Structure formats: C-alpha cells, structure tokens
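One structure is given here, and the rest of the page talks about it.
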Amino acid sequence: MATAALNKISKNHLECSICQDRFDKPKILACLHSFCEKCLVDYHSGRHHTSPKIPCPLCRQETVLPQTGVSALKTNFFITSLMEDVTLQDQVGDVSHAPLCDICSTNDAMHRCLDCSKNICKGCLGYHKQFPDLLDHTVATLEDIRQGKVVAKKTKRGGHSECGKHPGEVRRFYCQSCDELICRDCTVIDHPNNKGHDFVDLKTASTKLRKLLSDKLPELVQKKMGLQGALEAVQETKEELKNNAEKASLEVQKGAAKMVENIEKERDQILKEVKNVALTRNEKLNQSEKGVTTTMLRIKHSQEIIEDIIGNASDSDFLALFPEIKRDLQALSILDMPRVHDELSVLNVRSGVTSGVKDLWELQLEPERRQVHYRLLSDDLEID
1 MATAALNKIS KNHLECSICQ DRFDKPKILA CLHSFCEKCL VDYHSGRHHT
51 SPKIPCPLCR QETVLPQTGV SALKTNFFIT SLMEDVTLQD QVGDVSHAPL
101 CDICSTNDAM HRCLDCSKNI CKGCLGYHKQ FPDLLDHTVA TLEDIRQGKV
151 VAKKTKRGGH SECGKHPGEV RRFYCQSCDE LICRDCTVID HPNNKGHDFV
201 DLKTASTKLR KLLSDKLPEL VQKKMGLQGA LEAVQETKEE LKNNAEKASL
251 EVQKGAAKMV ENIEKERDQI LKEVKNVALT RNEKLNQSEK GVTTTMLRIK
301 HSQEIIEDII GNASDSDFLA LFPEIKRDLQ ALSILDMPRV HDELSVLNVR
351 SGVTSGVKDL WELQLEPERR QVHYRLLSDD LEID
C-alpha cells in the first residue's frame with residue numbers, strides 16, 4: 001500500500017544515522033550518505049576539526065569540505081521533499097483533525113487535488129472541475145489517502161524550487177557545464193552562453209541524465225555482483241581458515257599428549273632404574289657398614305683390654321699376657337680396613353640430553369674420583 005511504502009521510505013531514508021531522528025537540513029556527502037547539518041557540524045568539530053575533509057560516519061569515504069564548512073555542503077532536496085510528503089500524509093491521514101477546504105475556508109475538506117496540492121470540500125469540487133486548465137488534475141478523496149490507496153504529495157516531482165541567489169525566481173534550467181540547477185537570472189548573470197555555459201530546461205536535462213544514470217546502473221549492478229562474489233570468497237576463506245586452525249590446534253594437542261605420554265613412560269623407566277640402582281648399592285653399603293662396625297668393635301675391645309692391663313695388671317700378670325697382646329696387635333696391624341665404596345654414592349641425572357622425546361634423562365653412575373685405601377696399622381711392631 002502507498003502508506004506502507006511511505007513508512008518504509010521514512011524508516012530507510014528519512015532518519016539520520018547519527019542522531020537516529022528525522023533529518024533536519026539533510027546534507028549529502030560524496031558517498032551519497034546524508035546526515036543532519038548539525039550532526040555533521042558536531043561530528044567534524046571533534047577529532048576531524050583540523051582536516052579540510054570529513055570522513056563519512058558510515059563508510060569512511062572522505063568528502064572535501066567547502067571553504068565555509070559543513071553548511072555549504074549540498075542539501076539533499078530529495079530527502080527534504082520526501083519528508084514533506086510523509087508529514088503531509090500524516091496530517092491528511094489524521095482522522096481526529098479534518099482539514100478545512102483551501103478554497104472556501106469554511107467547510108471540511110473531503111477531497112484533495114494532487115496537482116494543486118489543495119484540500120477541497122464537496123461543494124468547491126464542482127468549481128474546481130469547471131476550469132479547463134484543471135481538467136487533467138488528479139483528485140482523490142481524503143478517505144482513500146487515509147487508507148493508503150493514494151499518496152498525498154506536497155508538490156509534483158517535476159516542480160521547480162526557488163533559486164537561492166535570486167529571490168522570487170525558480171530554478172527552471174540546468175547548467176550542463178556546471179552540473180547546477182539555475183534560474184532565469186542565473187542564465188544571464190552567472191551562467192551565460194557567451195561564457196561557455198551550456199544550459200537546458202529542467203525536463204530536457206532530467207530526461208537526458210535519468211537515461212545516462214539508467215545506462216550506468218547495469219555496470220554498477222555487475223560490479224556489485226562481483227563484490228558479492230568476492231565477499232563470499234572471503235567468507236569461505238575465513239571459514240576454511242577457522243576449520244584449519246581448529247584442525248591444527250587438535251593436531252598440536254594430540255601430538256603434545258603423545259609426547260607427554262612418552263615422557264611419562266621414560267620418567268617411570270628412569271625412576272624405576274634409579275630405585276633399583278639405589279637398592280642394590282644400599283645393600284653393598286650395608287655390608288660395608290657392617291664390616292666396618294665389626295672391625296671397629298674388635299679394635300675398641302682390644303684397646304680397652306690393653307689399656308686396662310697396662311694400667312692395672314701386676315708385672316707378672318702383664319708379662320704373662322704380653323705374648324697374647326703382641327700377637328693380637330700384630331694381627332690387627334695386618335688387617336686391612338674394610339673397603340668403603342664411596343663411588344656408590346654417584347647417582348646423578350642429566351636432563352635435556354637431546355631435543356627429542358627419547359633420552360630426556362641420562363643416569364650418571366661412574367665415580368668422578370679415584371678410590372682411596374687406608375692401612376689400619378703399620379706391618380712392623382717391634383718391642384725392644
């Protein structure tokens with residue numbers, strides 16, 4: 001329906017993307033995006049205030065600003081016209097406030113001439129139809145407009161706008177040299193033929209340029225399709241990258257888990273070997289400890305007995321026992337000290353022997369110093 005179409009236009013084209021409200025003095029940028037004049041002024045006065053260009057808040061394409069700033073940017077009159085149509089549609093469609101007839105200013109209007117943009121009551125409608133120049137005008141009932149069967153427009157799309165340079169003059173011409181709408185005075189003062197300006201009437205220019213743009217649209221559509229294909233390719237590549245990254249991560253995790261498993265196996269093997277070596281060597285050291293202890297106790301006993309005899313025995317008792325003491329000392333003198341296997345304490349582990357998983361540790365079991373032997377007593381024990 002017509003009303004639905006206007007609502008769609010209002011939503012998609014008549015709201016500023018910055019303030020999210022209806023446009024107020026819409027200014028159009030080089031990228032064809034439009035924004036409220038005040039919104040652009042505030043936007044440019046921020047971090048872009050030193051730049052002669054203004055990037056589009058939506059697509060970032062830059063627009064060169066006129067010397068006088070944002071206010072000198074071209075106004076989007078198409079949006080302004082659409083806003084007027086939407087506002088008018090809302091007013092006409094307001095059943096709580098019926099408009100008065102624009103002809104008699106007395107009766108409630110029931111019709112609207114879409115060409116004159118006049119609300120007309122039932123009585124004045126007959127007078128309107130009597131004028132020959134108005135016979136081709138389109139008249140619709142306000143009820144049809146309210147129901148959305150007909151769209152009320154403030155002005156015809158082919159209407160002329162007033163010239164900003166010459167008050168009272170409408171812009172009926174288009175300067176093809178300057179790409180600018182101009183009025184009759186402009187054709188004489190600012191855009192004369194004798195200065196190389198080529199201007200034509202609005203209808204001729206509009207027909208020509210509409211065809212020009214229509215002919216360009218297929219190329220634009222083709223480029224858009226190419227970009228759509230490129231976009232799909234990028235998205236497919238992203239998805240493929242995501243899948244490959246997940247696969248690679250899984251492979252790394254699996255590989256790491258396998259390495260950890262191998263490391264743990266080698267760790268357990270090394271720990272088992274360390275335990276076995278320690279047990280075996282500890283048995284040897286226990287034997288050495290037992291031998292040393294036994295020899296030490298024997299020597300201690302002989303020492304205590306000899307010291308007791310020397311200090312307390314009578315001469316006869318001493319001399320009677322001396323041969324036995326002498327033999328005991330001689331036996332002790334040739335007794336080797338039990339071997340102390342100090343090399344058995346060597347049990348080290350060197351880590352990171354190789355860069356691979358195998359041989360991460362290496363046991364060092366060989367001694368780093370030579371064994372030292374001790375003689376208990378001198379072989380000679382002479383008593384003069």
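Sequential numbering of the sequence shown, starting at 1, is according to the UniProt record's numbering.
We treat Cβ as the ideally placed atom computed from N, Cα and C, and that holds for glycine.
Quick caveat: nothing in here was measured; it's all calculated off a predicted structure.
Less than 8 Å between the CB atoms is what I'm expecting for residue i and residue j, so what's the real figure, rounded?
i, j, result
"E37", "K53", "Rounded, the Cβ-Cβ distance is 17 Å, inconsistent with contact."
"V64", "V41", "Actually they do not touch by this definition, with Cβ atoms about 16 Å apart."
"residue 385", "D102", "The chain is shown only over 1 to 384; residue 385 falls outside these bounds and no answer can be derived."
"L335", "L285", "About 21 Å; that fails the 8 Å criterion."
"T141", "H97", "At roughly 17 Å, the Cβ-Cβ gap does not stay under 8 Å, so T141 and H97 are not in contact."
"H13", "I79", "6 Å"
"V252", "S288", "At roughly 52 Å, the Cβ-Cβ gap does not stay under 8 Å, so V252 and S288 are not in contact."
"I18", "C31", "Actually they are not in contact, since the Cβ atoms of I18 and C31 sit about 15 Å apart, beyond 8 Å."
Can you give me the Cβ contacts of residue i inside the same chain, cut-off strictly under 6 Å, excluding the 5 residues immediately before and after it?
i, result
"H33", "C56, L58"
"H166", "C183, D185"
"K74", "I28"
"K25", "E37"
"R281", "L344"
"D342", "none"
So what does DSSP say about residue i, is it helix, strand or coil?
i, result
"I334", "coil"
"I18", "coil"
"L58", "coil"
"L114", "coil"
"C39", "helix"
"S51", "coil"
"P167", "coil"
"T141", "strand"
"S161", "coil"
"K300", "helix"
"N119", "strand"
"P66", "coil"
"N107", "coil"
"P99", "coil"
"V357", "Low per-residue confidence applies at V357: pLDDT is 49, beneath 50, and the placement is therefore not dependable, though the value from the model is reported in the following sentence. It is coil, neither helix nor strand."
"D339", "Here the sequence assigns Arg to residue 339, which means Asp is not the residue at that position. R339 falls in the coil class under three-state DSSP."
"D133", "helix"
"P218", "helix"
"F23", "coil"
"S34", "strand"
"V346", "coil"
"L181", "strand"
"D190", "coil"
"V151", "coil"
"D201", "strand"
Go ahead and label residue i buried or exposed: buried means 16 or more other beta carbons lie within 10 angstroms of its beta carbon, across all protein chains shown.
i, result
"Q20", "exposed"
"M259", "exposed"
"N243", "exposed"
"D308", "exposed"
"V92", "buried"
"A248", "exposed"
"Q67", "exposed"
"A257", "exposed"
"Q89", "buried"
"A109", "buried"
"M296", "exposed"
"M225", "exposed"
"L82", "buried"
"I189", "exposed"
Have a look at the options and flag the residue whose alpha-carbon is nearest the alpha-carbon of residue i.
i, options, result
"P16", "L217, R210, F35", "The question names Pro, but residue 16 is Cys in the sequence shown. Here the closest residue by C-alpha is F35."
"N348", "D317, T207, I305, L271", "L271"
"R298", "N312, S333, S314, L285", "S333"
"E180", "V340, E169, R327, D198", "D198"
"D115", "K300, I306, T138, D144", "T138"
"R60", "T50, Y43, L73", "Y43"
"F77", "Q228, E162, L212", "E162"
"T87", "R22, A30, S51, P132", "R22"
"A72", "P99, G164, I18", "G164"
"K290", "D268, G311, M337", "M337"
"D144", "C113, N194, S51", "C113"
For residue i, which residues in the same chain have their Cβ closer than 7 Å to its Cβ, ignoring the five residues on either side in sequence?
i, result
"R172", "H160, C183, R184, D201, L202"
"I306", "I325"
"H191", "C175, C178, I182, H197, F199"
"D328", "S302"
Quick one: what's got a C-beta closer than 8 Å to residue i's C-beta in the same chain, skipping five residues either side?
i, result
"L135", "K129"
"C124", "C101, I103, C104, N107"
"L321", "I309, A313"
Confirm the yes/no value for this check: CB of residue i, any heavy atom of the ligand MN, distance under 7 Å.
i, result
"Q222", "Here there are no bound small molecules, and the ligand MN is not part of this structure."
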